[in-house]
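**Student:** Counted the way our numbering counts, the sequence shown spans residues 3 to 455. Note that the Cβ used here is the ideal one computed from N, Cα and C, for glycine as well. As the structure is a prediction and not an experimental result, all values here were calculated from the model. Let me give you the structure first, and then I'll get to my questions.
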Amino acid sequence: MNAERPQAGLLQAAPLAGRRIVVAPNEIAGVSSRLARAMAATGAEVRCFFGRDHPFHTPLPDGPGLRRWFRRAIGWASRARDAGGPGAAAGSLVAGVCKLLGCLRAWAWADTLVMVGGRGFFGGGAEYALARALGRRVVHVFVGTASRPRIMAGDARSILREDGVDEGRLRRLIERTRRQRRRVAAISRQAWLVVENPLCGHFHSRPFLNWFKLGLPLDVAALEAEPRITDRTPPRQPGRVRVLHGPSRPAIKGTETIRAVVRRLEAEGLPIEYREVTGVPHGQMLHEIAECDLVIDQLWSDTPMAGFAAEASALGKPVIVGGLGWDELRRWLRPEEFPPTIAIHPDRLEAVVRELVPDAERRREAGRRAREFLLQRWSPGAFAERWARVLRGEAPEDWWVRPEEIGHVHGMGLSAEEVRRIAQAAAPALDLEALGWREPPRWWARWRELARA
Numbered sequence: 003m004n005a006e007r008p009q010a011g012l013l014q015a016a017p018l019a020g021r022r023i024v025v026a027p028n029e030i031a032g033v034s035s036r037l038a039r040a041m042a043a044t045g046a047e048v049r050c051f052f053g054r055d056h057p058f059h060t061p062l063p064d065g066p067g068l069r070r071w072f073r074r075a076i077g078w079a080s081r082a083r084d085a086g087g088p089g090a091a092a093g094s095l096v097a098g099v100c101k102l103l104g105c106l107r108a109w110a111w112a113d114t115l116v117m118v119g120g121r122g123f124f125g126g127g128a129e130y131a132l133a134r135a136l137g138r139r140v141v142h143v144f145v146g147t148a149s150r151p152r153i154m155a156g157d158a159r160s161i162l163r164e165d166g167v168d169e170g171r172l173r174r175l176i177e178r179t180r181r182q183r184r185r186v187a188a189i190s191r192q193a194w195l196v197v198e199n200p201l202c203g204h205f206h207s208r209p210f211l212n213w214f215k216l217g218l219p220l221d222v223a224a225l226e227a228e229p230r231i232t233d234r235t236p237p238r239q240p241g242r243v244r245v246l247h248g249p250s251r252p253a254i255k256g257t258e259t260i261r262a263v264v265r266r267l268e269a270e271g272l273p274i275e276y277r278e279v280t281g282v283p284h285g286q287m288l289h290e291i292a293e294c295d296l297v298i299d300q301l302w303s304d305t306p307m308a309g310f311a312a313e314a315s316a317l318g319k320p321v322i323v324g325g326l327g328w329d330e331l332r333r334w335l336r337p338e339e340f341p342p343t344i345a346i347h348p349d350r351l352e353a354v355v356r357e358l359v360p361d362a363e364r365r366r367e368a369g370r371r372a373r374e375f376l377l378q379r380w381s382p383g384a385f386a387e388r389w390a391r392v393l394r395g396e397a398p399e400d401w402w403v404r405p406e407e408i409g410h411v412h413g414m415g416l417s418a419e420e421v422r423r424i425a426q427a428a429a430p431a432l433d434l435e436a437l438g439w440r441e442p443p444r445w446w447a448r449w450r451e452l453a454r455a
């Protein structure tokens, strides 16, 4: 798929004209709908088969016929299975039939299938091999949790106890990690192309396309025009800088530590008005962003501009994103490609907030740079032009990541100390053979070093 880098030129008006693309099987954090809208706006005919919507994002309108019933039936089936009892079996049957019909319809109509998340309609590997045999291109877009090694994910902290680890949960974590490796490797082998975050791509079996080279297409004007819910946000406190934190899952976003930092700074006399909002409608969150002066996204991220940070940036707000992998990510990106949020080491959060609260001009400039990045590099048109190059087989060499060269070991949602303790507990039960490698990848040695620390 690689080719010599072509000469740069003007964006085409409709770079995806003539393409028939299906986006499926679910909406995840607004990613699926944004991909679909960007491709449709630049010439492609796009159909979506979403079994469920993301609770914090505005859904796409229902399509006609099967696509409408796919969403509704999968939603009912999921609720029936969750409720248990006699309805669970019926729910599973309905879900299976709907997925089969959606899969067959997608294969019959589309030339390219863009599957977002951790699996296809059913699983991935065998499904994609059959699609390929039918002459269909399958592009699998992994999103965070689906491929990030479970031993490096925030939920892995559940094995930790004050005096050691929960052995039962550790065994389940190890088994889930092995299954995840097999599933991701199978998708990697059988998909025509995989798009992935370099900080999450440890388990792939062949090179994948760097997510940040394509970007997350965000229509800034459309976001600004979305309706707002304004009657649930308290009025501003005069003379204070409103700091917004909107965690979807406080435990893995570092919310407790963020609160403690804010309390210490307030005790120093900094004029902070801390606003924490969780689980609210999208329209309210947009208004909360518009009314704040500074956003703290999360403390231990592996994405400098994920959905919430991107929306805050689109509205011109400075966003602090903590993480332990920024130096590793910069290995895979040119300086101008790195999303210009305020990406920091978690230990610097207190110092950075202390600097930004009294400096309104610095905050405005940080917000302006991030918004300009979205308008230029991550606009739907710029994204579609890059996407068209990929579909033509013209992705430049530096857009690709070899999984064996990944060195990130701190995952997402975990402090450095938690990562070390999990590695100490899990390393004795994991080996290269069990994970399907003949030669150790770069991250393996670093992770084993943590286990010995």
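Do you know whose CA, among A131, V140, I176 and V411, lies nearest P430's CA?
**Tutor:** For the purposes of this step, residue 430 is taken as residue 428 along the sequence shown, with counting starting at 1. Considering only alpha carbons, the answer is I176.
**Student:** May I ask which residues mark the beginning and end of the alpha helix (DSSP H) holding H284?
**Tutor:** In the sequence shown, residue 284 corresponds to position 282, counting from 1. From DSSP, the alpha helix (DSSP H) with H284 extends over H284 to A292.
**Student:** Between F210 and S190, how many whole angstroms is the CB-CB distance? I'm expecting something under 8 Å.
**Tutor:** Taking the sequence shown and counting its residues from 1, one reaches residue 210 at position 208. Taking the sequence shown and counting its residues from 1, one reaches residue 190 at position 188. 7 Å between Cβ atoms; contact.
**Student:** In this structure, how does DSSP classify F210 when only helix, strand and coil are distinguished?
**Tutor:** As a working note, residue 210 is residue 208 in the sequence shown. Secondary structure of F210 (DSSP, three-state): strand.
**Student:** Compute the distance between the beta-carbons of G413 and R150, then report whether it is under 8 Å.
**Tutor:** Looking up residue 413 in the sequence shown gives position 411. Looking up residue 150 in the sequence shown gives position 148. Closer than 8 Å, so yes.
**Student:** State whether the stretch 15 to 34 contacts the stretch 108 to 125, with contact taken as three or more CB pairs (one from each stretch) at a distance under 8 Å.
**Tutor:** yes
**Student:** Out of R423, E228, A19 and P443, point me to the one whose CA is closest to G285's CA.
**Tutor:** Counted from its first residue, the sequence shown places residue 285 at position 283. It is E228.
**Student:** Answer yes or no: do A292 and Q192 have a C-beta to C-beta separation smaller than 8 Å?
**Tutor:** Within the sequence shown, numbered from 1, the residue matching residue 292 stands at position 290. Within the sequence shown, numbered from 1, the residue matching residue 192 stands at position 190. Taking 8 Å as the Cβ cut-off, A292 and Q192 do not qualify as a contacting pair.
**Student:** Check each candidate in V421, E407, L218 and G415 and name the one with the smallest Cα separation from L205.
**Tutor:** Walking along the sequence shown from the start, residue 205 turns up at place 203. The sequence shown places Phe at residue 205, rather than the Leu named in the question. That would be E407, whose Cα lies nearest to the Cα of F205.
**Student:** Answer with buried or exposed for G217, where buried requires no fewer than 16 other C-beta atoms within 10 angstroms of its C-beta.
**Tutor:** By 1-based counting over the sequence shown, the position of residue 217 is 215. Classification for G217: buried.
**Student:** In the DSSP assignment, what are the bridge partners of T114?
**Tutor:** Residue numbering aside, residue 114 sits at position 112 when the sequence shown is read from its first letter. DSSP, once it has assigned bridges, lists I23 and R139 as partnering T114.
**Student:** Is the separation between the beta-carbon of A311 and that of T259 shorter than 8 Å?
**Tutor:** What you label residue 311 is simply residue 309 of the sequence shown in a count that begins at 1. What you label residue 259 is simply residue 257 of the sequence shown in a count that begins at 1. No, Cβ-Cβ distance for A311 and T259 is not below 8 Å.
**Student:** Restricting to Cα atoms, I'd like to know which of L220, R370 and S160 is closest to V421.
**Tutor:** On the sequence shown, position 419 is the one that residue 421 refers to. Answer by Cα proximity: S160.
**Student:** Whose CA, out of L335, G248, M154 and S315, lies closest to the CA of E457?
**Tutor:** Any question about residue 457 goes unanswered here, given that the chain covers just 3 to 455.
**Student:** Are the CB atoms of V456 and E275 nearer to each other than 8 Å?
**Tutor:** Coverage of the chain is limited to positions 3 through 455, which leaves residue 456 absent and any answer about it impossible.
**Student:** Give a yes or no on whether the C-beta atoms belonging to G156 and A308 are separated by under 8 Å.
**Tutor:** Within the sequence shown, the letter at position 154 stands for residue 156. Within the sequence shown, the letter at position 306 stands for residue 308. Not in contact: G156 and A308 (Cβ atoms no closer than 8 Å).
**Student:** K319: which of E363, G369, L267 and A90 sits nearest, CA to CA?
**Tutor:** The count along the sequence shown starts at 1 and reaches residue 319 at position 317. When each option's Cα is compared against that of K319, the closest is G369.
**Student:** My assumption, with CB atoms under 8 Å, is that R22 sits in contact with W111. Please give the rounded CB distance.
**Tutor:** Position 20 of the sequence shown, counted from the start, is the residue given in the question as residue 22. Position 109 of the sequence shown, counted from the start, is the residue given in the question as residue 111. The Cβ separation is near 6 Å, so the contact holds.
**Student:** Between which two residues does the beta strand (DSSP E) carrying R394 extend?
**Tutor:** Against the sequence shown, residue 394 aligns to sequence position 392. For R394, there is no enclosing beta strand (DSSP E), as DSSP gives it neither H nor E.
**Student:** I423: buried (16+ other C-beta within 10 angstroms of its C-beta) or exposed?
**Tutor:** Mapped onto the sequence shown, residue 423 falls at position 421. Note that residue 423 corresponds to Arg in the displayed sequence, not to Ile. Classification of R423: buried, given that the 10 Å Cβ count is 16 or more.
**Student:** Buried or exposed: which applies to V99, given that a residue is buried once 16 or more other Cβ atoms fall within 10 Å of its Cβ?
**Tutor:** Residue 99 sits at position 97 when you count from the first residue of the sequence shown. Residue environment analysis places V99 among the exposed positions, since fewer than 16 neighbouring C-beta atoms fall within 10 angstroms of its C-beta.
**Student:** Can you tell me the Cα-Cα spacing of A31 and A43, whole angstroms?
**Tutor:** By one-based count along the sequence shown, residue 31 stands at place 29. By one-based count along the sequence shown, residue 43 stands at place 41. Near 20 Å, if we compare the C-alpha coordinates of A43 and A31.
**Student:** Exposed or buried, what is T114 when buried is set at 16 or more other beta-carbons lying within 10 Å of its beta-carbon?
**Tutor:** Here residue 114 refers to the residue found at position 112 when the sequence shown is read from its first residue. Looking at its Cβ environment, which holds 16 or more other Cβ atoms inside 10 Å, T114 is buried.
**Student:** Leaving out five residues on either side along the sequence, give the residues of the same chain with a beta carbon under 6 Å from the beta carbon of L437.
**Tutor:** In the sequence shown, counting from the first residue as 1, residue 437 sits at position 435. Contacts found: R183.
**Student:** Do R391 and A384 count as a contact pair if the criterion is CB distance below 8 Å?
**Tutor:** Position 382 of the sequence shown, counted from the first residue, corresponds to residue 384. Position 389 of the sequence shown, counted from the first residue, corresponds to residue 391. No. Outside cutoff.
**Student:** Taking I346 as the reference, which of G409, S303, R444 and R388 has the closest Cα?
**Tutor:** Indexing the sequence shown from 1 puts residue 346 at position 344. Nearest option by C-alpha distance: S303.
**Student:** Might you give, ordered along the chain, the residues of its own chain that have their beta carbon closer than 6 Å to the beta carbon of G11, omitting 5 neighbours on each side?
**Tutor:** Taking the sequence shown and counting its residues from 1, the one referred to as residue 11 is at position 9. Caution is warranted here: a pLDDT of 34 is assigned to G11, below 50, making its placement in the model unreliable, and the coordinate value is therefore given only provisionally. There are no such residues.
**Student:** When the Cα atoms are used, what is the spatial distance from V145 to G119?
**Tutor:** Looking up residue 145 in the sequence shown gives position 143. Looking up residue 119 in the sequence shown gives position 117. The straight-line gap from Cα to Cα measures roughly 5 Å.
**Student:** Helix, strand or coil, according to DSSP, for D64 in the structure here?
**Tutor:** To locate residue 64, count along the sequence shown from 1; it is residue 62. With a pLDDT of only 49 at D64, under 50, the local geometry of the prediction cannot be trusted, and the value read off the model is given with reservation. Here D64 sits in coil by DSSP.
**Student:** How about E401 and N212: do their beta carbons lie closer than 8 Å?
**Tutor:** Translated into the one-based positions of the sequence shown, residue 401 becomes position 399. Translated into the one-based positions of the sequence shown, residue 212 becomes position 210. This sequence places Trp at residue 401; Glu is not what is there. Annotated as proximal: W401 and N212, with beta-carbon spacing under 8 Å.
**Student:** By Cβ distance, which residues of its chain are closer than 6 Å to A455, with the 5 residues on each side in sequence left out?
**Tutor:** Counted from its first residue, the sequence shown places residue 455 at position 453. The residues are R422.
**Student:** Helix, strand or coil: which one does DSSP assign to S303?
**Tutor:** To locate residue 303, count along the sequence shown from 1; it is residue 301. In this structure, S303 counts as strand in the three-state DSSP scheme.
**Student:** Helix, strand or coil, according to DSSP, for E278 in the structure here?
**Tutor:** Translated into the one-based positions of the sequence shown, residue 278 becomes position 276. Three-state DSSP puts E278 in a strand.
**Student:** Taking the alpha-carbon positions, what's the Q378 to S94 distance?
**Tutor:** Against the sequence shown, residue 378 aligns to sequence position 376. Against the sequence shown, residue 94 aligns to sequence position 92. Distance between the alpha carbons of Q378 and S94: 44 Å.
**Student:** Tell me the rounded alpha-carbon separation between F375 and W389.
**Tutor:** As a first step, residue 375 must be located in the sequence shown, where it is residue number 373. As a first step, residue 389 must be located in the sequence shown, where it is residue number 387. Here the alpha carbons of W389 and F375 stand approximately 18 Å from one another.
**Student:** Name the two residues that bound the continuous beta strand (DSSP E) containing V321.
**Tutor:** Within the sequence shown, the letter at position 319 stands for residue 321. From DSSP, the beta strand (DSSP E) with V321 extends over V321 to G325.
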